[in-house]
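J.: To get the working numbering, take the position in the sequence shown, counting from 1, and add 43.
Every residue, glycine too, gets a C-beta built ideally from N, C-alpha and C.
One structure, as structure tokens, below. Some questions next.
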Amino acid sequence: MESLYAVSSEQLAPPAPSTLSHPLSTTRSASISAKKQKRIPLYQRSMSFDPNLLHNNGHSGFANGTSGALRETGIIEKLLTSYGFIQCTERQARLFFHCSQYSGNLQDLKVGDDVEFEVSSDRRTGKPIAVKLLKVKPEILPEERITGQEVFYLTYTPEDVDGNVQLETGDKVSFSMETNKHTGAVNAHNIVLVKKKPGRCQGVVCAMKEAFGFIERGDLVKEIFFHYSEFKGNLETLQPGDDVEFTIKERNGKEVATEVKLLPQGTVIFEDVSIEQFDGTVTKVIPKVSSKTQTDPLPGRIKVNFAISKELPFGDKDTRSKVTLLEGDHVRFNISTDRRDKLERATNIEILTDSFELTGETREMDVLSAQRNHAIRIKKLPKGTVSFHTQSEQRYFGMVEKEATGSISKSTSPAKGKEKDAEEGIIAYEEAGIRMTVPYHIKDLEGCAIPQHGDKIEFSICEVKRTGLQSAVSIKILNRNPNAKRLVGYVAALKDNFGFIETSQHDQEIFFHYSEFSGDVDELDVGDVVEYSLSKGKGNKVSAEKVAKITTVNGPSDEVFPTVYTGKVVRPLRSVDPQQAEYQGLIEITEEGTMRGEVYPFAIISLANKTDCLQKGETIKFQLCTVALTGQKLAYDATPLRRGSVDCVKDQFGFINYEVGDGKKLFFRVNEVLDGVELQPGDEVEFSVILNQRTGKCSACNVFRVSEGSRPVAAPRPDRLVHRLKSITLDDASAPKLVVLRQPKGPDNTKGFTAERKIRQAGVID
């Protein structure tokens with residue numbers, strides 16, 4: 044250590060005046076040369092030191108200045124190899140100190156230790172520094188030792204633990220407390236381990252509530268609470284009956300389960316069931332209605348004759364037979380022994396046939412009904428064994444005399460607040476020359492269109508066994524009443540719980556609610572042909588009712604002109620732009636010819652793809668047809684000519700450079716690309732645009748790649764790298780060499796490289 048602080052006298056001498064002789068100047072030059080060759084220690088570069096005081100552990104002098112007589116206290120805040128910093132406790136100050144100023148073994152000094160010191164000043168900078176450091180032992184309170192588990196929190200370090208013991212959360216310890224007189228912080232000291240925390244427990248989830256549950260413990264006949272936040276796993280997979288392991292902790296004076304983890308099914312076993320079966324007699328049955336004072340989970344009793352007769356308890360879940368047990372019944376059972384408290388009980392209880400021979404009882408089969416008489420010896424039968432009604436195999440033909448009202452439950456929108464009052468309809472038919480009538484209900488139509496007054500129908504008759512009432516079911520409409528006002532239209536739009544129908548004149552749309560549709564709404568699509576009736580609601584607003592999907596209907600017109608025109612959309616449909624007053628859209632012919640500039644309307648029936656969404660300004664190809672009812676010329680088989688370039692492709696979706704509404708990019712899904720082609724940015728594509736009626740956003744479908752875009756080409760290597768590669772020779776001793784440190788392994792764990800090696804030309808990238 045002495046050689047570390049050795050300094051030449053020339054380095055400490057003041058600069059020589061200019062009148063010194065030449066030999067002295069030579070000596071000074073030699074000393075300056077020595078400075079350049081020998082590294083100056085760190086402490087000499089940070090402050091000025093008196094070398095005569097650096098090794099004086101007695102501190103008879105003060106380094107680099109004068110010192111006051113007062114001593115201060117502080118805490119070691121930072122400690123490096125040869126210096127550190129102290130945070131003063133009596134004032135807001137942070138002082139530098141050199142390790143040579145510490146009186147004692149420097150290895151015992153660490154960050155956080157209390158020290159006492161005097162303040163001096165740096166002669167070079169004038170800043171205050173700490174000198175004459177002495178370590179101060181913390182004040183230990185004379186309180187008695189404390190034994191207990193964590194109640195309030197104290198800090199401690201590994202040095203405060205007695206013995207080579209690793210403490211864990213939950214361990215029971217005893218300790219002393221010490222208070223730092225400068226900071227007032229209370230720490231634990233002389234910590235002794237009293238008892239290790241209990242290990243992991245196992246159990247079975249027995250109940251689950253909204254945000255918490257209960258576990259039946261495997262070590263005690265007891266349940267323990269746990270919160271869902273303590274479950275380590277996917278909470279959706281946790282169900283009652285699952286085996287789990289957990290840690291027990293005490294919170295608010297109660298034991299709770301924490302760190303709950305799922306175990307394989309069958310890990311936790313509560314009881315052992317005997318292989319041997321025993322015979323016994325029921326002496327006490329399970330009460331039919333449990334009273335509030337009933338606390339015994341095993342209220343039943345079975346007497347079994349061992350060497351000493353004894354009674355075994357049993358519960359509701361221990362009976363295997365589906366019949367009700369009565370006192371005196373002869374039964375056969377197994378004995379289950381609980382591993383936790385060694386409690387024995389009867390389980391897998393089956394009634395013996397001789398019980399009925401002794402009592403002379405007979406069994407009856409029926410359906411449980413709300414009557415004052417109660418059934419006993421109940422046995423569950425397969426579903427469908429008991430039927431309340433019979434349906435005739437014969438089919439009848441008749442005519443609707445009165446229409447039924449109401450709605451079909453499975454097609455009724457849940458958003459509809461009030462349902463119509465259901466009223467049965469009347470069907471007239473003849474049997475053996477006698478005119479008869481039978482009622483029918485809307486709920487029995489089973490997806491059939493709603494019959495109208497005068498419709499000819501086919502049906503079956505269903506009779507209720509208990510009352511003998513008859514009704515028509517499995518109704519099928521044969522012919523509609525020609526005098527009934529049934530209209531035909533086309534589905535133009537579908538919303539959340541309602542839609543719109545385009546009339547057969549294609550000039551307006553009619554509102555309808557899903558509750559008026561007879562069938563499954565999920566099977567209804569835009570463009571489907573439907574029939575309906577008109578009704579007036581509040582405010583004389585016209586809406587469609589009794590809407591039914593039909594499959595056979597004529598086209599929009601028998602007269603379709605073969606000429607194909609090119610035009611652009613001047614005005615879209617109202618379903619695309621709800622702000623416009625007119626329902627129909629307009630198309631203007633743009634190709635050269637005598638018809639250039641002429642404008643024709645179009646409707647939902649005009650589209651080749653009924654789900655296509657024609658935007659204003661789009662170019663399309665179309666034909667013309669004549670509407671038979673009005674004689675109006677209408678665009679027909681309209682197909683848009685859309686082209687755009689692929690902007691980007693993500694994992695399962697992408698965007699096309701095409702303006703739709705306010706957006707300049709059109710969304711599409713990868714599964715909408717035809718022929719399974721993998722699109723790349725820059726590819727030119729054709730597509731259709733569909734409008735999501737619920738969100739109001741457009742997207743592309745039926746995406747077809749017309750041409751591939753330019754692919755990025757790797758830039759050639761710079762000439763300097765090409766020349767460098769050409770100049771490398773394997774025979775050259777200075778050439779790069781490859782040294783194999785470990786044999787490589789492929790994905791299949793085989794050694795070596797399996798890829799085929801090829802000769803590559805320098806400067807060319809494959």
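Using three-state DSSP, classify Gly117 as helix, strand or coil.
T.: Note: Gly117 maps to strand in three-state DSSP.
J.: Assign Glu466 to one of two classes, buried (16 or more other C-beta atoms within 10 Å of its C-beta) or exposed (fewer than that).
T.: Burial call: exposed.
J.: Would you mind stating whether Val572 and Tyr608 have Cβ atoms separated by less than 8 Å?
T.: Against a cut-off of 8 Å, the Cβ pair of Tyr608 and Val572 comes out as no contact.
J.: Taking the alpha carbon of Val374 as the reference point, which residue from Val746, Phe357 and Arg748 has its own alpha carbon closest?
T.: Closest by alpha carbon: Phe357.
J.: Can you name the residues that DSSP bridges to Glu466?
T.: BP columns for Glu466 point to Thr448.
J.: Kindly list the residues whose CB is nearer than 6 Å to the CB of Leu709, restricted to its own chain and excluding five residues on each side of it in sequence; keep chain order.
T.: The answer, listed in chain order, is Ile699, Tyr701, Val703 and Ala743.
J.: Does the segment 141 to 156 come within contact of the segment 117 to 132, defined as at least 3 CB pairs closer than 8 Å?
T.: Yes, they touch.
J.: With respect to the alpha helix (DSSP H) encompassing Lys769, which residues constitute its N-terminal and C-terminal limits?
T.: It spans Asp762 to Ser770 - the alpha helix (DSSP H) in which Lys769 sits, taken as one unbroken run.
J.: For Asp262, I'd like the list of residues in its chain whose CB is within less than 7 Å of its CB, leaving aside the five on either flank, ordered along the chain.
T.: Around Asp262: Cys244 and Arg383.
J.: I'd like the list of long-range same chain contacts for Phe555, defined as Cβ closer than 8 Å, with 5 residues on each side in sequence excluded.
T.: Cβ neighbours of Phe555 beyond the five flanking positions: Phe541, Gly542, Phe543, Ile544, Tyr575, Ser586, Ala587, Glu588 and Val590.
J.: Output the distance between the C-alpha atoms of Thr813 and Thr362, rounded to the nearest integer angstrom.
T.: Only positions 44 to 809 of the chain appear in this structure, which leaves residue 813 out of reach.
J.: Which residue or residues does DSSP assign as beta-bridge partners of Arg166?
T.: In the DSSP output, where bridge partners are listed per residue, Arg166 has none listed.
J.: Is there contact between the segment 154 to 163 and the segment 171 to 182, where contact requires at least three CB pairs shorter than 8 Å?
T.: With a cut-off of 8 Å, the segment 171 to 182 and the segment 154 to 163 count as touching, because enough Cβ pairs lie within range.
J.: Counting pairs of Cβ atoms below 8 Å between the segment 270 to 290 and the segment 335 to 354, do you hit three or more?
T.: With the cut-off at 8 Å, the segment 270 to 290 and the segment 335 to 354 do not touch.
J.: Mark Thr17 as exposed unless 16 or more other C-beta atoms lie within 10 angstroms of its C-beta, in which case mark it buried.
T.: An answer regarding residue 17 cannot be provided, because it is not within the stretch 44 to 809 covered by the chain.
J.: Please report the straight-line C-alpha distance between Ile258 and Lys304, rounded to a whole angstrom.
T.: Their Cα atoms are separated by approximately 12 Å.
J.: Measure the Cβ-Cβ separation of Leu306 and Val287 and say whether it is below 8 Å.
T.: Cβ atoms of Leu306 and Val287: closer than 8 Å.
J.: Between Asp791 and the rest of its own chain, which residues show a CB-CB distance below 6 Å, the 5 nearest in sequence each way excluded?
T.: For Asp791, where only same-chain residues beyond five positions count, there are no Cβ hits under 6 Å.
J.: Once the 5 residues before and after Leu629 are set aside, which same chain residues still bring their CB inside 8 Å of it?
T.: Once the five neighbours on either side are set aside, the close Cβ partners of Leu629 are Val612, Val613, Arg614, Val642, Tyr643, Pro644 and Phe645.
J.: Checking the sheet assignment: what are the DSSP bridge partners for Met220?
T.: DSSP lists Ala231 as partners of Met220.
J.: Compare the C-alpha of Met220 against each of Asp203, Val208, Lys265 and Asn207 and name the closest.
T.: Residue Asp203 is the option with its Cα nearest to Met220.
J.: Comparing C-alpha positions only, which one of Asn652, Lys422 and Pro340 sits nearest to Lys360?
T.: Of the listed residues, the one whose Cα sits closest to Lys360 is Pro340.
J.: Going by Cα to Cα distance, which pick from Arg344, Asp381, Glu293 and Glu319 is closest to Phe313?
T.: Looking at the Cα atoms, Asp381 is the closest of the given residues.
J.: Out of curiosity, what's the CA-to-CA distance linking His270 and Lys215?
T.: Rounded to whole angstroms, His270 to Lys215 spans 25 Å at the Cα level.
J.: With distances taken between CB atoms, is the gap from Gln627 to Asp680 smaller than 8 Å?
T.: No, the pair does not count as a contact, with Cβ atoms beyond the cut-off.
J.: Using 8 Å as the threshold, is the C-beta distance between Ser364 and Ile392 below it?
T.: In contact: Ser364 and Ile392 (Cβ atoms closer than 8 Å).
J.: If the criterion is Cβ atoms closer than 8 Å, does the pair Gly697 and Val713 meet it?
T.: Yes. Within cutoff.
J.: Below 8 Å on the Cβ atoms is my contact criterion, and I expect Glu302 with Lys275 to pass it. Report the Cβ-Cβ distance as a whole number of Å.
T.: Indeed they touch by this definition, with Cβ atoms about 6 Å apart.
J.: Which residue's Cα is closest to the Cα of Val516: Asn522, Leu768, Ile493 and Ile267?
T.: The shortest Cα separation from Val516 among Asn522, Leu768, Ile493 and Ile267 belongs to Ile493.
J.: Would you list the residues sitting across from Met638 in a DSSP beta bridge?
T.: Beta-bridge pairing links Met638 to no other residue.
J.: In terms of alpha-carbon separation, which member of Asp762, Ala624, Asp322 and Lys579 lies closest to Thr396?
T.: Thr396 has its Cα closest to that of Asp322, out of Asp762, Ala624, Asp322 and Lys579.
J.: If you run the structure through DSSP and keep just helix, strand and coil, what is Gly323?
T.: Strand, per DSSP.
J.: Any idea what DSSP makes of Ile477, helix, strand or coil?
T.: Three-state result, Ile477: strand.
J.: When you compare each of Ile500, Val507, Arg748 and Leu657 to Leu521 by their alpha carbons, which one comes out closest?
T.: Measuring from the Cα of Leu521, the nearest candidate turns out to be Ile500.
J.: Residues bridged to Gly532 by DSSP?
T.: Paired residues: Thr546 and Val573.
J.: Indicate the three-state DSSP secondary structure (helix, strand or coil) for Cys244 in the structure shown.
T.: The answer is strand: DSSP assigns Cys244 an E or B state.
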